[in-house]
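Asker: Numbering (my numbering), first residue to last: 3 to 579. A virtual CB, placed ideally from N, CA and C, is assigned to each residue, including glycine. Note that the coordinates shown come from a computational prediction; the quantities given were computed from them, not determined experimentally. The structure under discussion is supplied below as structure tokens; questions concerning it will follow.
This is how it looks when you write it as structure tokens:
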């Protein structure tokens, strides 16, 4: 007799079959010949299955099953990041004037006129000029049509030399841009902007401010980013021939305080051949967390280049996948040191990419982001009800979804806030913060109230909806009402039911008769402790409906069969031998 497979067993078989199919395509070279939409579809399916199965199977086992196809997961876990399309390189864009042998850029609206200006450092070896001093490029165009004026050396009275990539950030949360950089030798320098948002005035540099610990490194490249999504700027430093150091801002947005550095955090891998790494961050796959673009200068110079490392964790707990070279089809102009910098320079709503180049005498290279911008989906607060002592198995229809992109559909949800009274489980396991659930598996999400408790607004959790490219910006609240006395006329589902055989062994036949067609029916089977063993949804277009549940894998005992239509439900008992 055929035994009913568990959902994860079915998904494991699907995962293996799909992995073999993709491997055959890769080995034959036919994968690259597929239409882009087909490539995305295959990899998107792999991603969904991988994420579902990773809750049960070790990642090493899953990647082993994929063999060569695992490279697709490593490349940002999906080529959804491939939805980012960058144009060909443009050298010296927007009237940029080379000033010296280095360009290590950063962009900000330093004068508050509505467009992005640029700062960098420069060294004029040929004329004996200042070594690694600050340059300012005023955007004399506008937000959509930038044009950089000639470089101003020592702008805003900053004459310090031997600076590496400068960063503009409002580190003290007073509404204007401050400046932070690392000097040759590993000392962090901070210039507070004591002027206004329109007229910057910088004080004298402060050494190793806010508890920062200087690094014994000749060259240190830095990045400022709120990597843990707690509202303040953290600092990441890349040492010369060394490690990545993470300085968490444990203070506040207005009063920064940096903890002792942590080496190689968030799963970041450093090549033993790495000399200098330059970094920047952006949400390239539109999944709500920050991914990393970096350039590695390696001892094997020919292997140097740009890499993409997807954040496969969350906005609060980053985990970076191994770097994938030459991402997004970027044709990087060679350079011993190349500083990536993201900026929406043309004000079209997406982040373009720049690389500042050292080897080609202070060049600046621009890659326009030509992606079609995905409109984030929207959701709304929702409310469901169940009966006292009755678990509630959710359905996709319980989660409101709308999207300005008409072709987009609900592809999954993310649980962004947990319940406090009852228990919320997914496939029998407690749900964790920021757990992602594919739309096909929402039926495995179950809420169970505490025994013999009830009440309006009994419990709630927050969630976001996903359209396959991005999550809704703001979480919505799912409220759960638990009704007293399930058998009252108000919430009792009117149905005549017959379960056979009862006791059941392999299968349970369910024959139902309704006064009128019920439409969508939600079924759940729970044990005596209220733990949902299985759940599913079926459409009942007629008043009489028959279905079969495979119960062979259930342990012997007493079970409750829940049948729900809308906000009405009925509970039947059966025995499994």
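For residue 432 versus residue 422, is the C-beta spacing smaller than 9 Å?
Answerer: Numbered from 1 along the chain shown, position 430 holds the residue referred to as residue 432. Numbered from 1 along the chain shown, position 420 holds the residue referred to as residue 422. No, they are not a contact pair.
Asker: When the Cβ atoms of the segment 133 to 141 are set against those of the segment 371 to 378, are three or more pairs found closer than 8 Å?
Answerer: no
Asker: Take every Cβ of the segment 505 to 514, pair it with every Cβ of the segment 321 to 332, and state whether three or more of those distances are shorter than 8 Å.
Answerer: no
Asker: Which residues does DSSP list as the beta-bridge partners of residue 22?
Answerer: As a first step, residue 22 is located in the chain shown; it is residue number 20 there, counting from the start. Residue 22 is not bridged by DSSP to any residue.
Asker: Is DSSP giving residue 322 helix, strand or coil here?
Answerer: Translated into positions along the chain shown, residue 322 becomes position 320. It is a strand residue.
Asker: Could you tell me whether the segment 238 to 256 touches the segment 277 to 292, where touching means 3 or more Cβ pairs closer than 8 Å?
Answerer: yes
Asker: Helix, strand or coil for residue 441, going by three-state DSSP, please let me know.
Answerer: Within the chain shown, the letter at position 439 stands for residue 441. Residue 441 carries a helical assignment under DSSP once its states are collapsed to helix, strand and coil.
Asker: According to DSSP, is residue 97 part of a helix, a strand, or is it coil?
Answerer: For the purposes of this step, residue 97 is taken as residue 95 along the chain shown, with counting starting at 1. Residue state, collapsed to three classes: coil.
Asker: Buried or exposed: residue 77, going by 16 or more other Cβ atoms within 10 Å of its Cβ?
Answerer: As a first step, residue 77 is located in the chain shown; it is residue number 75 there, counting from the start. Bear in mind that the predicted position of residue 77 carries a pLDDT of just 32, short of 50, making it unreliable; the figure below should be weighed with that in mind. Flag for residue 77 reads buried.
Asker: Would you list the residues sitting across from residue 498 in a DSSP beta bridge?
Answerer: On the chain shown, position 496 is the one that residue 498 refers to. 515.
Asker: Closest by CA to residue 384, which one among 467, 102, 439 and 197?
Answerer: Walking along the chain shown from the start, residue 384 turns up at place 382. That would be 467, whose Cα lies nearest to the Cα of residue 384.
Asker: Taking the continuous beta strand (DSSP E) assigned at residue 367, which residues delimit it?
Answerer: Translated into the one-based positions of the chain shown, residue 367 becomes position 365. Here the beta strand (DSSP E) through residue 367 covers 365 to 369.
Asker: Compute the distance between the beta-carbons of residue 514 and residue 528, then report whether it is under 9 Å.
Answerer: The sequence position of residue 514 within the chain shown is 512, counting from 1. The sequence position of residue 528 within the chain shown is 526, counting from 1. 9 Å or more divides the Cβ of residue 514 from the Cβ of residue 528.
Asker: Does the beta-carbon distance from residue 107 to residue 358 come in below 9 Å?
Answerer: Residue numbering aside, residue 107 sits at position 105 when the chain shown is read from its first letter. Residue numbering aside, residue 358 sits at position 356 when the chain shown is read from its first letter. Yes, the Cβ-Cβ distance between residue 107 and residue 358 is below 9 Å.
Asker: Is the separation between the beta-carbon of residue 342 and that of residue 382 shorter than 9 Å?
Answerer: Working through the chain shown from its first residue, we reach residue 342 at position 340. Working through the chain shown from its first residue, we reach residue 382 at position 380. Cβ atoms of residue 342 and residue 382: not closer than 9 Å.
Asker: For residue 157, does the three-state DSSP call read helix, strand or coil?
Answerer: Taking the first residue of the chain shown as 1, we reach residue 157 at position 155. Of the three classes helix, strand and coil, the one that applies to residue 157 here is helix, per DSSP.
Asker: I need the DSSP call for residue 532, collapsed to helix, strand or coil.
Answerer: As a first step, residue 532 is located in the chain shown; it is residue number 530 there, counting from the start. The answer is coil: DSSP assigns residue 532 none of H, G, I, E or B.
Asker: Can you round the beta-carbon distance between residue 168 and residue 183 to whole angstroms, since I take them to be within the 8 Å contact cut?
Answerer: Within the chain shown, the letter at position 166 stands for residue 168. Within the chain shown, the letter at position 181 stands for residue 183. Residue 168 to residue 183, Cβ: 4 Å. Contact.
Asker: State buried or exposed for residue 3, treating a residue as buried only when at least 16 other CB atoms are found within 10 Å of its CB.
Answerer: By 1-based counting over the chain shown, the position of residue 3 is 1. Here residue 3 scores only 30 on pLDDT, less than 50, and its place in the model should not be relied on; the value that follows carries that caveat. By the neighbour-count rule (16 or more Cβ atoms within 10 Å), residue 3 is not buried but exposed.
Asker: Using a 10 Å radius around the Cβ and a threshold of 16 neighbouring Cβ atoms, would you call residue 564 buried or exposed?
Answerer: For the purposes of this step, residue 564 is taken as the residue at position 562 of the chain shown. Buried is the call here.
Asker: Give me, in chain order, the residues of the same chain whose beta-carbon lies closer than 6 Å to that of residue 402; leave out the 5 immediate sequence neighbours on both sides.
Answerer: Counted from its first residue, the chain shown places residue 402 at position 400. Closer than 6 Å at Cβ, skipping near neighbours: 381, 382 and 384.
Asker: If you drop the 5 nearest sequence neighbours on each side, which residues of the same chain put their C-beta closer than 6 Å to that of residue 475?
Answerer: Your numbering for residue 475 matches position 473 in the chain shown. So the qualifying residues of the chain are 378.
Asker: Label residue 271 either buried or exposed according to how many other C-beta atoms from any shown protein chain fall within 10 Å of its C-beta, with 16 as the threshold for buried.
Answerer: Counted from its first residue, the chain shown places residue 271 at position 269. Exposed, by the Cβ-count rule.
Asker: Any chance the segment 556 to 573 sits against the segment 517 to 532, with 3 or more Cβ pairs inside 8 Å?
Answerer: Contact holds between the segment 556 to 573 and the segment 517 to 532, because three or more Cβ pairs, one in each stretch, are under 8 Å apart.
Asker: What residue range is occupied by the uninterrupted beta strand (DSSP E) comprising residue 332?
Answerer: Against the chain shown, residue 332 aligns to sequence position 330. Unbroken run through residue 332: none, as it is neither H nor E.
Asker: Less than 8 Å between the CB atoms is what I'm expecting for residue 629 and residue 332, so what's the real figure, rounded?
Answerer: As shown, the chain starts at 3 and ends at 579. That puts residue 629 outside it, with no answer to give.
Asker: Name the two residues that bound the continuous beta strand (DSSP E) containing residue 134.
Answerer: Sequence index remark: in the chain shown, residue 134 carries index 132 (1-based). First-last for residue 134: undefined, no H or E at that position.
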